[in-house]
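To keep things clear, I will list the structure first and then write my remarks on it.
Residue numbers (this note's numbering): 143 to 280.
Below, the structure is given as structure tokens:
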């Protein structure tokens, strides 16, 4: 089971690096490659990564709550809860925006949705990378 965790952790870290790289450097290669096409492919992998995040952080929270049924506000309690609810928040925003992107033509997508992408993508890059490192250590 440990090898499966390592593979999933590596997937999350590589995905975080790809998101960060494409997010930062897309303006440099826009003349040769349409950055929207890059996101169109990358979003499918991000969707899998978000689902993995939800499962991973839910299991960590469940494990923590079983070990500490009193729910003392310790550092671990805050870490586990922030990671779970942060991943839920960013994941919900991602899926809402991504489904709108799939249904609408990217040129027609509303300004609100377009303005959210930088926040979603940068938060996902950080969250996926940190979660992948946590998973690697477990």
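Positions of the beta carbon are idealized from the N, C-alpha and C atoms, including for glycine.
- Here the C-alpha atom of residue 271 lies approximately 22 Å from the C-alpha atom of residue 204.
- Contact annotation, residue 161 with residue 266: C-beta distance approximately 6 Å; criterion of less than 8 Å satisfied.
- Secondary structure note for residue 250: it is in no alpha helix (DSSP H), with a DSSP letter that is neither H nor E.
- A direct Cα-Cα distance of roughly 30 Å separates residue 224 from residue 168.
- Between the stretch 165-180 and the stretch 207-215 there are fewer than three inter-stretch CB-CB distances shorter than 8 Å, so the stretches are not counted as touching.
- When DSSP states are grouped into helix, strand and coil, residue 211 belongs to the coil group.
- Boundaries of the alpha helix (DSSP H) harbouring residue 153: 144-167, taken from the DSSP string.
- A Cβ-Cβ distance of about 6 Å is found for the pair residue 192 and residue 236, placing them in contact under the 8 Å criterion.
- Closest by C-alpha distance to residue 261, out of 234, 247, 246, is 234.
- Separation of the CB atoms of residue 184 and residue 164 is rounded to 6 Å, and the pair is thereby assigned contact status at 8 Å.
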